[in-house]
Amino acid sequence: VATGLNIVFGYFAAFFAFYLSFFKWDYISPMEFVGLRNYQIIFNDLWKGINGAYYFLAPFYTGLKNILLYTAIVVPTQTILAMILAAFANQKIRGVQFYKVSYFLPAVTSPVIIALIFIWLFMKNGFINYMIQTIVPGFAPDWINDRNYLLYAISMVAIWGTSGHFMVSFLAAMQSISRDVYEAAMLDGAGPIRRFIYITVPLLKPMIVYVVVLGMIGALQMFDLAWVMAGSNGGPGGAGYTMALDIYNEAFINLRPGVAAAKSMFLFVLIFTSTYIFQKKYKVMRQ
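Going left to right, the sequence shown walks through residues 1472 to 1758 as our numbering numbers them.
1. Can you tell me whether DSSP reads K1495 as helix, strand or coil?
2. Taking buried to mean at least 16 other C-beta atoms within 10 Å of its own C-beta, is F1723 buried or exposed?
3. For T1633, which option in A1644, D1613, E1654, V1682 has the closest C-alpha, if you only look at C-alpha atoms?
4. How would you label K1571, buried or exposed, when you count the other beta carbons within 10 angstroms and need 16 or more for buried?
5. Please work out which residues of its chain come closer than 7 Å, Cβ to Cβ, to I1590, disregarding the five sequence neighbours upstream and downstream, and give them in chain order.
6. Let me know the secondary structure DSSP gives F1694 once reduced to three states.
7. Taking DSSP as the reference, what is the three-state secondary structure of F1504?
8. Give the straight-line distance between the Cα atoms of S1745 and N1619, rounded to the nearest whole angstrom.
9. Would A1586 and L1696 qualify as a contact pair, given that the criterion is a beta-carbon distance under 8 Å?
10. Along the chain, where does the alpha helix (DSSP H) containing F1723 start, and where does it finish?
11. Helix, strand or coil for G1609? Go by DSSP, reduced to three states.
12. Three or more C-beta pairs under 8 Å: does that hold for the region 1630-1645 against the region 1544-1563?
13. Going by beta carbon distance, what residues of the same chain come within less than 8 Å of A1690, once the five residues before and after it are set aside?
14. Whose C-beta lies closer than 8 Å to the C-beta of P1707 among residues of the same chain, with five residues either side of it excluded?
15. Determine, using beta-carbon pairs with one atom in the region 1709-1721 and one in the region 1597-1608, whether at least three such pairs fall under 8 Å.
16. Work out the CA separation of I1664 and V1672 for me, nearest whole Å.
17. Applying the criterion that 16 or more other CB atoms from any shown protein chain within 10 Å of the CB defines a buried residue, is L1483 buried or exposed?
18. Quick check on this structure: which residue in M1627, F1504, P1608, F1559 has the alpha carbon closest to the alpha carbon of I1588?
19. Mind checking which residues open and close the alpha helix (DSSP H) that includes G1534?
20. What did DSSP end up calling T1580 once you bin it into helix, strand or coil?
21. To the nearest angstrom, report how far apart I1606 and F1480 are at their CA atoms.
22. Secondary structure at I1615, three-state DSSP: helix, strand or coil?
23. Please classify S1581: is it buried, with 16 or more other beta-carbons within 10 angstroms of its beta-carbon, or exposed?
What follows is the structure in structure tokens.
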């Protein structure tokens, strides 16, 4: 049963999306073969965006630009934060189980619920600005309604929601490291910070690669947080517009599933290429 479901909703869906990308269709009329015209629409969009067209004239370019910036912010930050949380959770201290559960709680909470809560927290007179003003008096950005801050607000919510999940992966890897290595370092006078930098981090490199690859895959296809926090149009100035949002709009708002399929193929190639290059570079560094 599981194999059959995987074939129908996995392989067949992927093949049909590739097939559909060469057709014009509106869900009602017969499908019309258009060759590479749907892909031409993508590159025309990218060309308009490069030449400075406004986001609603070049939505795919806007989504690509935003999602690359979002990935550059989220992936390194969540990886480092997850490692630090795992290091704390790996200590033999009282109440460590409570901390483990607390760190992991965001990972099992619905992203939609998380986004709705953070919309309230990110209000101009909300709790986050209240905390910021205790450090920087007078600084109170309108996170959700200001195009200069919206993407950063979405990024912070994503980091908070995903770091706990990757913390568990790092924690499992840390607990597999032999204690003899740490004891030898302690005999040589290495403190906890030096042990973490020179022993833990190098031995965690395979897990770091795993976490970064998964993080890149999740970040590049991010949809739910942008949909809730920015709306289907991406918020002010399209600051929260993503490639996944654009694919959704093409398929269900503009009723151009062929164009949506072509854009999803572009997204697939972007994800595959970026993760492949990263893993290839890691293998070269190991050699």
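Cβ atoms here follow ideal geometry from the backbone N, Cα and C, with glycine treated the same way.
So, from the data block:
1. Mapped onto the sequence shown, residue 1495 falls at position 24. Per DSSP, reduced to three states, the secondary structure at K1495 is strand.
2. The residue you call residue 1723 lines up with position 252 of the sequence shown. Exposed is the call here.
3. Translated into positions along the sequence shown, residue 1633 becomes position 162. Considering only A1644, D1613, E1654, V1682, the residue with the shortest C-alpha distance to T1633 is V1682.
4. Against the sequence shown, residue 1571 aligns to sequence position 100. With at least 16 other beta carbons inside 10 angstroms of its own, K1571 counts as buried.
5. Locating residue 1590 in the sequence shown gives position 119, counting from the first residue. Within the same chain, and ignoring the five residues on either side of I1590 in sequence, the residues whose Cβ sits closer than 7 Å to its Cβ are I1615, M1700.
6. The residue labelled residue 1694 in the question sits at position 223 within the sequence shown. When secondary structure is reduced to three states using DSSP, F1694 falls in the coil class, being assigned neither helix nor strand.
7. The sequence position of residue 1504 within the sequence shown is 33, counting from 1. Looking at F1504 - three-state DSSP - the assignment turns out to be strand.
8. Translated into positions along the sequence shown, residue 1745 becomes position 274. Translated into positions along the sequence shown, residue 1619 becomes position 148. Across the structure, S1745 and N1619 are spaced so that their CA atoms are roughly 27 Å apart.
9. Within the sequence shown, residue 1586 is the residue found at index 115, counting from 1. Within the sequence shown, residue 1696 is the residue found at index 225, counting from 1. Yes. Within cutoff.
10. In the sequence shown, counting from the first residue as 1, residue 1723 sits at position 252. Annotation for F1723: the continuous alpha helix (DSSP H) segment containing it runs 1714-1723.
11. Position 138 of the sequence shown, counted from the start, is the residue given in the question as residue 1609. In the structure shown, G1609 sits in coil (DSSP, three-state: anything other than H, G, I, E or B).
12. With a cut-off of 8 Å, the region 1544-1563 and the region 1630-1645 count as touching, because enough Cβ pairs lie within range.
13. On the sequence shown, position 219 is the one that residue 1690 refers to. Correct list, in chain order: I1538, Y1541, T1542, V1545, V1546, A1629.
14. Numbered from its first residue, the sequence shown carries residue 1707 at position 236. If we look at P1707 and ignore the five residues flanking it on each side, its Cβ neighbours are N1616, D1617, R1618, L1621.
15. The region 1709-1721 and the region 1597-1608 do not touch, with fewer than 3 CB-CB distances between them shorter than 8 Å.
16. Sequence index remark: in the sequence shown, residue 1672 carries index 201 (1-based). Sequence index remark: in the sequence shown, residue 1664 carries index 193 (1-based). Here the C-alpha atom of V1672 lies approximately 11 Å from the C-alpha atom of I1664.
17. The residue labelled residue 1483 in the question sits at position 12 within the sequence shown. Checking the sequence shown, residue 1483 turns out to be Phe, not Leu. F1483 should be labelled exposed.
18. For the purposes of this step, residue 1588 is taken as residue 117 along the sequence shown, with counting starting at 1. Of the candidates M1627, F1504, P1608, F1559, the residue whose Cα lies closest to the Cα of I1588 is M1627.
19. Position 63 of the sequence shown, counted from the first residue, corresponds to residue 1534. Segment 1530-1560, the alpha helix (DSSP H) holding G1534.
20. In the sequence shown, counting from the first residue as 1, residue 1580 sits at position 109. In the structure shown, T1580 sits in coil (DSSP, three-state: anything other than H, G, I, E or B).
21. Here residue 1606 corresponds to residue number 135 of the sequence shown, with the count starting at 1. Here residue 1480 corresponds to residue number 9 of the sequence shown, with the count starting at 1. Those two C-alpha atoms are separated by around 50 Å.
22. Start at 1 with the first residue of the sequence shown, and residue 1615 comes out as number 144. For I1615, the three-state secondary structure derived from DSSP is coil.
23. Along the sequence shown, read from residue 1 onward, the residue named residue 1581 stands at position 110. It is exposed - the Cβ of S1581 has fewer than 16 other Cβ atoms within 10 Å.
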